[in-house]
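Have a look at the structure below, then the notes.
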Amino acid sequence: MRKGTDVDISRCGGLRGLVRILGALLCSWLMVCALGGCNTDGCADNRSALPLMAFYSATTDAPMVLDSVAIGGVDAPSDSLLVFPGQSTMSAYLPFRFDKSSTSFFIHYAYREQGLDDPRLNDTIKFHYTSRPYFASEECGALFVYEINRVDYTRHLIESVVITDSVVTNVDMERIRVYIRTSETETTAAGKGVAL
Amino acid sequence: MRLSAYMAALCMAIILLGVPALSAQRRINPVQNASKELQGKNERRQEGDTIDMSKLKQIHDANGKVVLVDTVSGKEIPDSVANGLVPGGEIPKMINPLFHSASVSVDIWDPVMRAFGQHYGLVEFSAELNLHNRYIPVVEIGLGQTDYTPEENNYTYRVPVTPYFRIGCNYNFLYNSNPDYLVMAGVRFGFTRFSYEVSDVTINSDYWGESAVIDFPRQNCSFSYMQLVFGLRVKVFGPVSMGWYFRYKAKLHESKDNYGQPWYIPGFGSRKGAITGSFYVAYTIPLHKKEVEPVVE
Numbered sequence: 026m027r028k029g030t031d032v033d034i035s036r037c038g039g040l041r042g043l044v045r046i047l048g049a050l051l052c053s054w055l056m057v058c059a060l061g062g063c064n065t066d067g068c069a070d071n072r073s074a075l076p077l078m079a080f081y082s083a084t085t086d087a088p089m090v091l092d093s094v095a096i097g098g099v100d101a102p103s104d105s106l107l108v109f110p111g112q113s114t115m116s117a118y119l120p121f122r123f124d125k126s127s128t129s130f131f132i133h134y135a136y137r138e139q140g141l142d143d144p145r146l147n148d149t150i151k152f153h154y155t156s157r158p159y160f161a162s163e164e165c166g167a168l169f170v171y172e173i174n175r176v177d178y179t180r181h182l183i184e185s186v187v188i189t190d191s192v193v194t195n196v197d198m199e200r201i202r203v204y205i206r207t208s209e210t211e212t213t214a215a216g217k218g219v220a221l
Numbered sequence: 006m007r008l009s010a011y012m013a014a015l016c017m018a019i020i021l022l023g024v025p026a027l028s029a030q031r032r033i034n035p036v037q038n039a040s041k042e043l044q045g046k047n048e049r050r051q052e053g054d055t056i057d058m059s060k061l062k063q064i065h066d067a068n069g070k071v072v073l074v075d076t077v078s079g080k081e082i083p084d085s086v087a088n089g090l091v092p093g094g095e096i097p098k099m100i101n102p103l104f105h106s107a108s109v110s111v112d113i114w115d116p117v118m119r120a121f122g123q124h125y126g127l128v129e130f131s132a133e134l135n136l137h138n139r140y141i142p143v144v145e146i147g148l149g150q151t152d153y154t155p156e157e158n159n160y161t162y163r164v165p166v167t168p169y170f171r172i173g174c175n176y177n178f179l180y181n182s183n184p185d186y187l188v189m190a191g192v193r194f195g196f197t198r199f200s201y202e203v204s205d206v207t208i209n210s211d212y213w214g215e216s217a218v219i220d221f222p223r224q225n226c227s228f229s230y231m232q233l234v235f236g237l238r239v240k241v242f243g244p245v246s247m248g249w250y251f252r253y254k255a256k257l258h259e260s261k262d263n264y265g266q267p268w269y270i271p272g273f274g275s276r277k278g279a280i281t282g283s284f285y286v287a288y289t290i291p292l293h294k295k296e297v298e299p300v301v302e
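Quick mapping for you: the protein sequence lines, in order, are chains A and B. Take any residue in the first sequence, count from 1 to its spot, add 25: that is its number in our numbering. Take any residue in the second sequence, count from 1 to its spot, add 5: that is its number in our numbering.
Here it is, written out as structure tokens:
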């Protein structure tokens, strides 16, 4: 005759089953929490395809800092600018028009002392491209990507324009190099400015 | 001059005294008359310390296994060493039959995760055959679907209800233990052919003051992948058990798409992240008759 305290708990099937279910559920929830921590949120790249244009010295091939240029789109609403004079810049994003096959941008040199502050000395760069819709990712969404086919530009102060990557996606990287004519006494990006 | 003579004499005395001491340290005495008879022997051995196997009473059971007999009590004890049941003996034999059991299971991971904010997936079923409770071939069939419009983004992503398939195998590390508990690792190969569409895409250009709403053409894709899995399973009651898997996934092949990469792939899940999981309920059908233990009165 067994006493009450001698009952083998392991034979209580219902209790064991409940413990197992709870254990399995606990493990699964730990998994959910752990996996939730692995996911990353946010778009690491741009949410639109913006080609990045950078300035280089035609003399030294070194990056340049320009502190007195205005950059804007030709026929932009309200003549709005992308870069304002007095704003030191080495590069600028150029938004293409997704419903057109070409987009033009102008560069105005506001260097009065050098006698360049004249709209007639503005340089214009015209990009010809094809565009297509593209689904980048869950976070970055859908956008238009462009493939640059041809570039036309004036040569007042621009020596040349080089396309380093003709396919413009939302990956943030330099794709256009504008080489500017400079004097021998210029300073580069490491310096304070540049003598045009 | 006299001091120099004293110093020279002192040095000679030190050298003459030191050389014999050094030579004494280097001397090696050879071992003479080394014992050969006692090597490897227990000099303190007494009668009864070693079992004389020739005097043991042993019998063989119906399977040819050795059974030792306690001559005092008459109790029969299987010889675990001779039968290869201990480390160092023979390779452990599988105690479960070849066709041990078959299971079907339903994966409730995606339904549960959808309740907690996941935007894709429907349900998955799997069937498996347990061989020796050790090797477990698995076939997994599921349905995937999504219709997702993120709040802070510019698109709606749709994948209609699409089947997917996986085939693979598990290895149960506890194959000679209680079959109610399984600790498994395995591999899966998956394939799906599906279509997706990205619609209601709103694209704005603040600078140019332009806006457009477009729909991407419907895209057809094929996608294959592999998974490395690790999981546990425990019996809950009767034939019902529950378990989970960690799944590490990697793409093997994907058809080319001019309009980007699909975000959700049925069976593979979201493209971001390499680890996913599953949580399932299984119903197991034994494929062999249980041996009836003899009734001891």
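Cβ coordinates follow ideal geometry from the N, Cα and C atoms, glycine included.
Item                                                                                                                     : Value
Which listed residue (B/Ile-146, B/Cys-226, B/Ser-246, B/Leu-134) has its alpha carbon closest to that of B/Val-164      : B/Cys-226
Nearest-angstrom Cβ-Cβ length linking B/Lys-62 and B/Val-77, presumed shorter than 8 angstroms                           : Contact flag wrong, Cβ pair sits at about 11 angstroms.
Chain B contact for A/Ile-201 (CB, 8 angstroms cutoff)                                                                   : no
Beta carbon proximity, A/Gly-166 to chain B, threshold 8 angstroms                                                       : yes
Identified DSSP bridge partners for B/Phe-251                                                                            : B/Phe-235, B/Gly-282
Euclidean distance between Cα positions of B/His-124 and A/Phe-109                                                       : 44 angstroms
Helix, strand or coil at B/Met-118 according to DSSP, with G and I counted as helix                                      : helix
Among A/Ser-93, A/Ala-87, A/Met-78, nearest to A/Glu-138 - alpha-carbon criterion                                        : A/Ser-93
C-alpha gap between A/Ser-82 and B/Thr-151, whole angstroms                                                              : 52 angstroms
First and last residue of the uninterrupted beta strand (DSSP E) at B/Gly-69                                             : Element bounds for B/Gly-69: n/a, residue is neither H nor E.
A/Ser-156 - containing beta strand (DSSP E), residue span                                                                : 148-162
Neighbour flag for B/Ala-287 against chain A, beta carbons, 8 angstroms                                                  : no
Contact with chain A by B/Ile-208, beta-carbon distance below 8 angstroms                                                : yes
CA-to-CA distance, A/Gly-67 to B/Lys-254, given in whole angstroms                                                       : 22 angstroms
Outcome for A/Met-89 when other beta-carbon atoms lying within 10 angstroms are tallied against a minimum of 16          : buried
Proximity test, Cβ basis, 8 angstroms: A/Phe-152 and chain B                                                             : no
Amino acids of chain A, ordered along the chain, whose beta-carbon sits closer than 8 angstroms to that of B/Asn-225     : Near B/Asn-225 there are no residues of chain A at all, since even the closest Cβ is about 14 angstroms away, more than 8 angstroms.
Neighbour flag for A/Phe-130 against chain B, beta carbons, 8 angstroms                                                  : no
CB of B/Gly-149 within 8 angstroms of CB of B/Gly-282, strictly                                                          : no
A/His-181 versus A/Gly-98, A/Arg-145, A/Gly-166, A/Tyr-154, residue with shortest Cα-Cα distance                         : A/Arg-145
C-beta neighbour in chain A for B/Asn-159, strict 8 angstroms                                                            : yes
contact_flag[the region 238-247 of chain B, the region 107-126 of chain A] where n(CB pairs < 8 angstroms) is 3 or more  : no
Residue burial classification, B/Ala-120 (beta-carbon count within 10 angstroms, cutoff 16)                              : exposed
Candidates B/Phe-104, B/Asn-159, B/Asn-158: closest to B/Tyr-140 by CA position                                          : B/Phe-104
Local conformation of B/Ser-59 per DSSP, three classes                                                                   : helix
Cα-Cα separation, B/Gln-224 to B/Met-247                                                                                 : 38 angstroms
Pair within 8 angstroms by beta-carbon distance, A/Ala-167 and B/Val-203                                                 : yes
The region 99-117 of chain B in contact with the region 282-292 of chain B per 3-pair CB rule at 8 angstroms             : yes
Per-residue contacts from B/Ala-190 into chain A (C-beta, under 8 angstroms)                                             : By Cβ distance, chain A contributes nothing, its closest Cβ being about 16 angstroms from B/Ala-190, past 8 angstroms.
Residue of A/Ser-162, A/Thr-194, A/Phe-169, A/Phe-152 minimising C-alpha distance to A/Val-261                           : Past the edges of chain A, shown from 26 to 221, lies residue 261 of chain A, and the structure says nothing about it.
Interface positions of the region 92-105 of chain A facing chain B (Cβ-Cβ less than 8 angstroms), listed along the chain : Gly-98, Ala-101, Pro-102, Ser-105
Identity of the residue in B/Val-117, B/Gln-266, B/Gly-278 nearest B/Arg-252 by Cα                                       : B/Gly-278
Supposed contact pair A/Ile-173 and A/Met-78 - C-beta distance, whole angstroms, cut 8 angstroms                         : Not really, about 11 angstroms apart at Cβ, beyond 8 angstroms.
Rounded straight-line distance, which links the Cα of B/Leu-179 to that of B/Pro-168                                     : 33 angstroms
Chain A contact residues for B/Phe-67, given Cβ-Cβ distances below 7 angstroms                                           : The residue asked about is misnamed: residue 67 of chain B is Ala in this sequence, not Phe. Within 7 angstroms Cβ-Cβ: nothing; B/Ala-67 doesn't reach chain A, min ~32 angstroms.
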